[in-house]
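Protein chains in written order, with our numbering: chain A, 407 to 585; chain P, 51 to 138.
We put the beta carbon where it would ideally sit given N, CA and C, even for glycine.
What follows is a single structure, written as C-alpha cells, with notes after it.
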Amino acid sequence: MNQLTLQLMNERARVGCKGPRAAEWLSGQGLAIPAGPNSYSFAPDAYGGLVLARLGSSEFFLEHDAAGDTLRRVAAGIATWPPGVYPVLREDCGWLLSGVAAEAMLAEVCSVDFAALDLSARPVIMTLMVGVAVLIVPLSGASDRQYRIWCDPTYGSSLGETLQRVIVECGGAYLGVTA
Amino acid sequence: MKLMVCPLNGPRAITEFAYGGAVRPMPDPDSCSDAEWSDYVFNRAGSPGIKREWWCHIASGYWFIAERDTARDIVVGTFPPGARDAPA
C-alpha cells in the first residue's frame, strides 16, 4: 500500500443546489439527506457511491461517477426550477487524497486537525488550503481514510500544482487522473 | 495560533476569517436627520472594550457575529446572526 497518493477527480459529475425547499426536493428524488449542517450522506452503488454534502443548512453539493445517471436526472430536475430550489453551478476541481500519511500531509497545507475527526459523524470540512477555500469530504477507506478535496476551478491549477509538490515532499505520489 | 469559533464550522485559525465591521443599527435614511446619517456613515467608536462585530468564515462564506474584547484581544463569544442573544 502506498503511504500517500493524490489523484485528480475532475471527471466526476457534480451538481449543486440551494434554497428553502432544496432538502425536501432532493429527498423527493430518493436521495438520503444529511440531518445536520456540514455533513454528508454516502449511497454506495455500482459506480462507487454518491456523495451528498450538506453545506450549512440549505445548500447541497452532490458528486458521483460520471458514468452513473443519478446526477444527470437530478441536474435535469433542478434545471426546471422547482419552487424554492435554485441551481448552483459546480465546476469544482477535485482531488482524492489517500494513504496512511494523508493527515500528516494535510497538516502541512491547512490548519484543521483531520486526524481528530470522528468520521462516524460524516463531517464536511470547509477550510482554507494553502490560502484557497476548499470543501473536503473525508471517507473511510478499506485500510485508511480518503479525502475528496474540491475547490473553485479558477484556483484549481494553482492548488493542484502546489499539492503535487507537497505530496512529493511528503514521500507520496501523484497518480494523475483517477482510473 | 489564534483561534475563533465559527458557529457553523467550529474552531478555526483566525486567518480563515475576515472582519466585516461593527454591528450597528442603521437609521432609516428616509426619516433620519443629516447629522444622524453622517454619524452612522463616518463615525466609529474606537475606544477599547467589548465590541460586537460582523465576521465571515471565508472558506464557507458564512457570516456571524462575534463579541470581542479589544482591550484584552480575546474573543468573548460568537453567535449565528439570528441567535436570541445576538444583537439586533
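D451 (chain A) to W487 (chain A), Cα distance in whole Å?
-> Roughly 27 Å between the two C-alpha positions.
So which residues on chain A does N93 (chain P) lean against when the C-beta distance must stay under 9 Å?
-> Residues of chain A with a Cβ closer than 9 Å to the Cβ of N93 (chain P) do not exist; the shortest Cβ-Cβ separation is about 34 Å.
Check whether the segment 504–511 of chain A touches the segment 574–585 of chain A, taking contact to mean three or more Cβ pairs, one atom from each stretch, closer than 8 Å.
-> Touching, per the Cβ criterion.
Please name the residues in the segment 108–131 of chain P whose beta-carbon is closer than 9 Å to at least one beta-carbon of chain A, in chain order.
-> Within the segment 108–131 of chain P, the residues whose Cβ lies closer than 9 Å to any Cβ of chain A are, in chain order, I108, A109, S110, G111, Y112.
Nearest CA to the CA of I531 (chain A): which residue from A:V543, A:A482, A:A449?
-> Closest option to I531 (chain A), Cα to Cα, is A:V543.
Once you ignore the five residues that flank F586 (chain A) on each side, which residues in its own chain have a CB closer than 6 Å to its CB?
-> Within the shown structure, residues of chain A are numbered from 407 to 585, placing residue 586 (chain A) beyond reach of any answer.
DSSP state of V378 (chain A), grouped into three classes?
-> Because chain A here runs from 407 to 585, residue 378 (chain A) falls outside it and cannot be looked at.
Y69 (chain P) by DSSP, collapsed to three states: which one?
-> Reduced to three states, the DSSP call for Y69 (chain P) is strand.
Selection of the segment 459–491 of chain A by Cβ proximity to chain P, strictly under 8 Å = With the criterion set as a beta carbon lying under 8 Å from some beta carbon of chain P, the members of the segment 459–491 of chain A are L461, G462, in sequence order.
Among A:L502, A:S546, A:G566, nearest to L412 (chain A) - alpha-carbon criterion = The residue with the shortest Cα to Cα distance from L412 (chain A) is A:L502.
For a contact meaning CB atoms closer than 8 Å, what does R74 (chain P) contact in chain A?
-> Neighbours of R74 (chain P) on chain A: none; closest Cβ ~25 Å, over 8 Å.
By DSSP, does M54 (chain P) sit in helix, in strand, or in coil?
-> It is a strand residue.
When the Cα of Y69 (chain P) is compared with those of P:K101, P:P77, P:A85, which residue comes out closest?
-> For Y69 (chain P), the nearest C-alpha among the options comes from P:K101.
Please go through the segment 492–529 of chain A and give each complete alpha helix (DSSP H) segment of 4 or more residues, from N-terminal end onward.
-> Counting only runs of 4 or more, we get 508–515.
N-terminal and C-terminal residue of the alpha helix (DSSP H) that W104 (chain P) is part of = In the DSSP annotation of this structure, W104 (chain P) is not part of any alpha helix (DSSP H); the continuous beta strand (DSSP E) holding it starts and ends at 100–107.
Contact between the segment 442–457 of chain A and the segment 490–506 of chain A (3+ Cβ pairs under 8 Å) | Touching, no.
Run down chain A in chain order and give the residues with a C-beta less than 7 Å from the C-beta of A68 (chain P).
-> Per Cβ cutoff of 7 Å: no residues; A68 (chain P) is ~11 Å from chain A at best.
Taking a Cβ distance cut-off of 7 Å, strictly less, list which residues of the segment 435–449 of chain A are near chain P, in chain order.
-> When CB distances to chain P are screened at a threshold of 7 Å, the residues of the segment 435–449 of chain A falling below it are P443, N444, in chain order.
Go ahead and label N93 (chain P) buried or exposed: buried means 16 or more other beta carbons lie within 10 angstroms of its beta carbon, across all protein chains shown.
-> Exposed, since its Cβ has fewer than 16 Cβ neighbours within 10 Å.
When DSSP labels each residue in this structure, what does L410 (chain A) get in the three-state scheme?
-> Here L410 (chain A) sits in coil by DSSP.
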